[in-house]
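Numbers given in this note's numbering equal positions in the sequence shown, counted from 1, plus 209. No residue lacks a Cβ here, since even glycine has one placed at the ideal position from N, Cα and C.
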Amino acid sequence: PHLHLQLQATPFVGSKTLQYPINHFISKNKNGIIFNSFDIPKQSTVIANIEINALLKKAFTFIPGQKVKINYTENKIEKNVSWEVITDIYNNTYIYCEQSKSYAYIYSDGTLHFFKHFEGNKNSLLYYFYLGCYKISLGYYKNLKLDDNYSLSEIFSLPKLVIQDFFAPFFRFMSAHYNIEYEYLDDNMSPTKILLKSNTSAKILKKEIIHFDFNIEIGQNGIAVFEVKSNNINIRAVFVEG
């Protein structure tokens, strides 16, 4: 047995179908599981709702008033920082770092977590967290990959952006790309550990000038460890509260 699904403009039998995108779903092909967002499935494609993983949901559910304490080493120097989750008068939720005076604005629809915007210190741990956890599906599927593009203003300095704006009517020579892969789940039935790997790549004229690699370890209490690596940065952050 199987079901046929169609979207139509009116509730009457025989109404004309619509080419209308579905919010978030997974599809399967010979290469594995694919995450689809606001997409229209092709005919005969096998699709399914995203099954929410309890560990991922707990890790990326940020509740106003929640406080996060982190101990970390940056290039062998020990540091600590505290973040707080806040909602403003416009109902925008963000993570705030008092130490660096930085803001990372969050959106979650229960299936997908992503960051909308960053303001503040681009050398702060919160900024690296923003980059590394930019877009995350709350369902776990082995080797699942998600990608997206950052806003150029989140990555590049103002002088470079001015040059890009000047040439924008003719061509875009700057890019900033995000990718994440779901690498490890210890137990499908009763998981206690998840590992995700992501990276940030920024290019000018197809030459990579910025690259970060991130490791995200998730445990039963939420995010456990967050690591950042680049040519001149090595950070290991342990979430001790929150």
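- The beta carbon of Asn301 sits closer than 7 Å to the beta carbons of Tyr314 from its chain, once the five residues preceding and following it are set aside; these are given in chain order.
- Using a 10 angstroms sphere on the CB of Ser362, the tally of other CB atoms stays under 16, which defines it as exposed.
- Distance from the CA of Ile425 to the CA of Leu340, rounded to the nearest whole angstrom, comes to 12 Å.
- Within 10 angstroms of the beta-carbon of His420 lie fewer than 16 other beta-carbons, which makes it exposed.
- Around the beta carbon of Thr409, 16 or more other beta carbons lie within 10 angstroms, which makes this residue buried.
- When Arg445, Ile389, Arg381 and Cys306 are compared, the shortest CA-CA separation from Lys331 is found for Cys306.
- By the C-beta criterion, the segment 345 to 354 is judged to be in contact with the segment 231 to 243, since at least 3 inter-stretch pairs fall below 8 Å.
- In the three-state reduction of the DSSP assignment, Phe323 falls in the strand class, which pools E and B.
- For Ile304, the closest C-alpha among the options Ala411, Leu405, Ser346 and Glu328 is that of Glu328.
- With a threshold of 16 other beta carbon atoms within 10 Å, Lys344 meets it and is buried.
- With a cutoff of 8 Å on beta-carbon distance, Phe234 and Asn262 are scored as not near each other.
- The residue among Phe448, Glu450, Asn443 and Ile231 with its C-alpha nearest the C-alpha of Thr282 is Asn443.
- Per DSSP, Ala385 is not a residue of any alpha helix (DSSP H); the beta strand (DSSP E) it occupies stretches across Met383 to Leu394.
- For Lys344, the enclosing beta strand (DSSP E) begins and ends at Lys344 to Ser346.
- In this structure Ser311 touches Leu335 by the C-beta definition: roughly 5 Å separates them, less than 8 Å.
- Val277 and Ser366 have their C-alpha atoms roughly 29 Å apart.
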